[in-house]
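Participant:
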Amino acid sequence: MAKELPPIEERSLWEDAHKMLAKAEKEGIETAWDRLLQQTPHCTFGESGICCRICTMGPCRISKKAPLGVCGADTDVIVARNFGRFLAGGAAGHSDHGRDCIEAFHAVAHGETEDYQIKDEAKLRRIAEELGIAVEGRELLDIARDLVEEFWASFGSQRSQVCFVSRLPEKQQETWRKLGITPRGVDREITEMMHRTHMGCDNDAANTMLHSARMCLADGWAGSMIATEISDILFGTPKPRKAQVNLGVLKKDHVNILVHGHNPIVSEKIMEAVNDPELIALAKEKGAAGINLAGLCCTGNELMMRQGIPMAGNHLMTELAIITGAVELIVVDYQCIMPSLVQVGNCFHTKMITTADKARFTGAEHVKFEMHNGMDQARRVVRMAIERFPLRDQDRVEIPCDPVDIVTGFSNEALLEALGGTLTPLIEAIKAGKIRGAVAIVGCNNPKYKHDHCNVNLARELIKKDILVLVTGCVTTAAGKAGLLVPEAIDMAGPGLKEICGALGIPPVVHMGSCVDNARILQLAALLANELGVTIADLPLAASSPEWYSEKAATIGTYAVASGIYTHLGHPPNITGSKVVTDLALSGLDDLVGACFGIEPDPFKAADLIDERIRQKREALGLSA
Ligand code: CUV
Ligand code: SF4
5 MAKELPPIEE RSLWEDAHKM LAKAEKEGIE TAWDRLLQQT PHCTFGESGI CCRICTMGPC
65 RISKKAPLGV CGADTDVIVA RNFGRFLAGG AAGHSDHGRD CIEAFHAVAH GETEDYQIKD
125 EAKLRRIAEE LGIAVEGREL LDIARDLVEE FWASFGSQRS QVCFVSRLPE KQQETWRKLG
185 ITPRGVDREI TEMMHRTHMG CDNDAANTML HSARMCLADG WAGSMIATEI SDILFGTPKP
245 RKAQVNLGVL KKDHVNILVH GHNPIVSEKI MEAVNDPELI ALAKEKGAAG INLAGLCCTG
305 NELMMRQGIP MAGNHLMTEL AIITGAVELI VVDYQCIMPS LVQVGNCFHT KMITTADKAR
365 FTGAEHVKFE MHNGMDQARR VVRMAIERFP LRDQDRVEIP CDPVDIVTGF SNEALLEALG
425 GTLTPLIEAI KAGKIRGAVA IVGCNNPKYK HDHCNVNLAR ELIKKDILVL VTGCVTTAAG
485 KAGLLVPEAI DMAGPGLKEI CGALGIPPVV HMGSCVDNAR ILQLAALLAN ELGVTIADLP
545 LAASSPEWYS EKAATIGTYA VASGIYTHLG HPPNITGSKV VTDLALSGLD DLVGACFGIE
605 PDPFKAADLI DERIRQKREA LGLSA
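Counting in our numbering, the sequence shown tops out at residue 629, every number present.
1) Is residue 395 near residue 353, with beta carbons less than 8 Å apart?
2) For residue 42, count neighbouring Cβ atoms within 10 angstroms of its own Cβ and tell me buried if that reaches 16, exposed if not.
3) Relative to the C-alpha of residue 157, which candidate in 178, 131, 191, 186 has its C-alpha closest?
4) Given this structure, state the Cα-to-Cα distance separating residue 254 from residue 330, to the nearest angstrom.
5) Please list, in chain order, all residues of the same chain as residue 228 whose beta carbon is under 6 Å from its beta carbon, the five residues on each side excluded.
6) Could you name the residues of the same chain whose beta carbon sits closer than 7 Å to that of residue 225, not counting the 5 residues immediately before and after it, in chain order?
7) For the ligand SF4, is there a heavy atom less than 7 Å away from the beta-carbon of residue 64?
8) Taking residue 101 as part of the beta strand (DSSP E), name the residues at either end of that continuous run.
9) Return yes when at least one heavy atom of the ligand CUV lies under 7 Å from the C-beta of residue 148, else no.
10) Could you check the C-alpha separation between residue 215 and residue 45 for me, to the nearest Å?
11) Just how far apart, CA to CA, sit residue 56 and residue 551?
12) Give the straight-line distance between the Cα atoms of residue 504 and residue 485, rounded to the nearest whole angstrom.
13) Anything with a beta carbon under 5 Å from a heavy atom of the ligand CUV counts; list them all in chain order.
14) Can you tell me which residues form a DSSP beta bridge with residue 603?
15) Go ahead and label residue 196 buried or exposed: buried means 16 or more other beta carbons lie within 10 angstroms of its beta carbon, across all protein chains shown.
16) Where does residue 258 fall in DSSP's three states?
17) Can you find the residues in the same chain that come closer than 8 Å, C-beta to C-beta, to residue 490, ignoring five residues on each side of it along the sequence?
18) Buried or exposed for residue 252, please, with buried defined as at least 16 other CB atoms from any protein chain shown within 10 angstroms of its CB.
19) Do residue 446 and residue 476 have their C-beta atoms closer together than 8 Å?
20) Any heavy atom of the ligand SF4 closer than 7 Å to the beta-carbon of residue 59?
21) Between which residues of its own chain and residue 79 is the CB-CB distance below 6 Å, once the five residues before and five after are set aside?
22) Determine whether the beta carbon atoms of residue 275 and residue 248 lie at a separation below 8 Å.
23) Tell me whether residue 61 sits in a helix, a strand or coil according to DSSP, three-state version.
24) Please tell me whether, using a cut-off of 7 Å, the distance from the CB of residue 74 to the nearest non-hydrogen atom of the ligand SF4 is below it.
25) For residue 265 and residue 319, what's the separation of their Cα atoms in angstroms?
26) What residue from 271, 614, 122, 449 has the CA that sits closest to residue 305's CA?
27) Taking the beta carbon of residue 355 as the centre, do at least 16 other beta carbons fall within 10 Å, making it buried, or is it exposed?
28) Note the first and the last residue of the continuous alpha helix (DSSP H) segment covering residue 296.
29) For residue 203, is the beta carbon positioned less than 7 Å from some heavy atom of the ligand SF4?
30) Just to confirm, is the Cβ distance from residue 541 to residue 498 under 8 Å?
31) Return yes when the Cβ of residue 213 is within less than 8 Å of the Cβ of residue 84, no when it is not.
32) Would residue 258 and residue 295 be called neighbours here (beta carbons separated by less than 8 Å)?
33) Can you tell me where the alpha helix (DSSP H) holding residue 288 begins and where it ends?
34) Using the three-state DSSP reduction, which class does residue 127 fall into: helix, strand or coil?
35) Starting from residue 269 and walking both ways along the beta strand (DSSP E), at which residues does that stretch end?
36) Kindly confirm or deny that the region 604–622 and the region 428–442 touch, where touching means at least three C-beta pairs closer than 8 Å.
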């Protein structure tokens, strides 16, 4: 049992984190690392997934002495049910975010709001056409209303399958149909998971696992994909642009506002409000040089991808950002927001504002954002931040470093443009072995690891092996801070990758967005598979979430595997108490969907594991290893 925290340098890879952890210690402010120590050792029943709380004949926990729950459920059934519900939480999170995007799009299409507009008309028309909606000679809003209905239909169970399954190669659709894992509707699959895992329903672990796959596919190919496509339509499809990362993006003489959470519907309006000349004048009246906006986590990714707004930090930097003492206000929507931010904010003058009725925090102030009042509410929030600037104690402010430059904005549209309009140059590079494959490194931080150590080192090792790396979510900030998201990073890549990225002027590690934007990577995989006449499982692709923590990350991993993409995780989900479930995850799924999970905490060994998989896929395609 760990009795003591590791030294500060061992808790994070980064200087900005070290300095803020030292400041926290000096000022007696508790962080996630302190609380992890208090929670260690964790409950081993929970860790291996063999504690069942599904009914009140229990709770039951499985041991040698008591191998069955009161109802007779064995360890495999209990683990599969717990894991299914865990994944349902993740699918619900992304997909409810997607639903909020449809609501915004609906309001725009029906003229119910002036605060949101259609920014990418061409993308709206393109997607409508793709989904079989007539576009010729029609008014934009007419098309939009039809597209809204198409998206709503992917949430219920009105159809046999969600709309974007059509993006997959026919052969792969056939595999899903045979296995019965074609997702029918986002809400239907999540609800059915809750039903199946009620006491006395699905008592066959493998069968529950198959439904887990189906439900996660509904998230990837509908909930998340719809969120991404609508966000592009409403706020613009990302294009390559410069931005900056780390705590150095905060400014000592400015009013600093942080946006945290996931949905661009709130953060985009805050960004507009900080550019309002009246509010800038007010900030100057209060003694500030101006208003500075920075992002955290995924809403930070959304703003950085589309608008070049700087990123203050990823998941484990959120408490530390407040500890700079320079933050007037943090405005959040939902997901991945530690409740401790209220407590840390109370150690300073930092105010926390919540905006969604479904994510309120005791101790924060609630400013409800709705479609018809987004802009007014955003101005109100920015004004509140300005009012707090005079309360800041400048003697306690410490901005620990200078920001690092990055390049962001690689939507599939932008990637295609960089390739000259077709995938051919990329495919040729893959065939020639100059780019041996591609790996998406995605997801979170977890204080059980040295912060960002695995995220960064895995990316570094893979590009050395001529493997293109795609990043989203919290890995973005890690890669950015390590200097991997600029074209000059090709100097750290193998010779083939260096040549191709150099010619295209792109970094060897490409930022593709937030967590829901992992759907962009699914789409890219499908485009490549269709172009080559194979399935996604045949491609030299992999995914990894080295430092994951959230239900959503597990859901992403599961839809990646179910889509045919081998997925590495730094540590297993809480399933190790069941041999059936663990074997399925680590190998059995390979026979069904052409991919499985691999577990390895060491990033250097993980790079070899992934490299070996890519080697096998290349050989099977008749390409040099
Ligand atoms: Ni949605 S899910 S910690 S913000 S990536 Fe970051 Fe990304 Fe994990 Fe959360
Ligand atoms: Fe125990 Fe079965 Fe109830 Fe779970 S469902 S708590 S194993 S009796």
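Every residue gets a Cβ at the ideal spot worked out from N, C-alpha and C, and that includes glycine.
Facilitator: The structure says:
1) yes
2) exposed
3) 191
4) 7 Å
5) 98, 520, 523
6) 166, 168, 169, 187, 526
7) yes
8) Element bounds for residue 101: not the beta strand (DSSP E) but the alpha helix (DSSP H), 79–113.
9) no
10) 32 Å
11) 26 Å
12) 23 Å
13) 301, 302, 319, 340, 447, 448, 477, 478, 519, 554, 556
14) 573
15) buried
16) coil
17) 409, 410, 411, 511
18) buried
19) yes
20) yes
21) 54, 66, 581, 582
22) no
23) coil
24) yes
25) 10 Å
26) 271
27) buried
28) It is not in any alpha helix (DSSP H) - residue 296 instead sits in the beta strand (DSSP E) that spans 295–300.
29) yes
30) no
31) yes
32) yes
33) 281–289
34) helix
35) Careful: residue 269 lies outside any beta strand (DSSP E), inside the alpha helix (DSSP H) at 268–278.
36) yes
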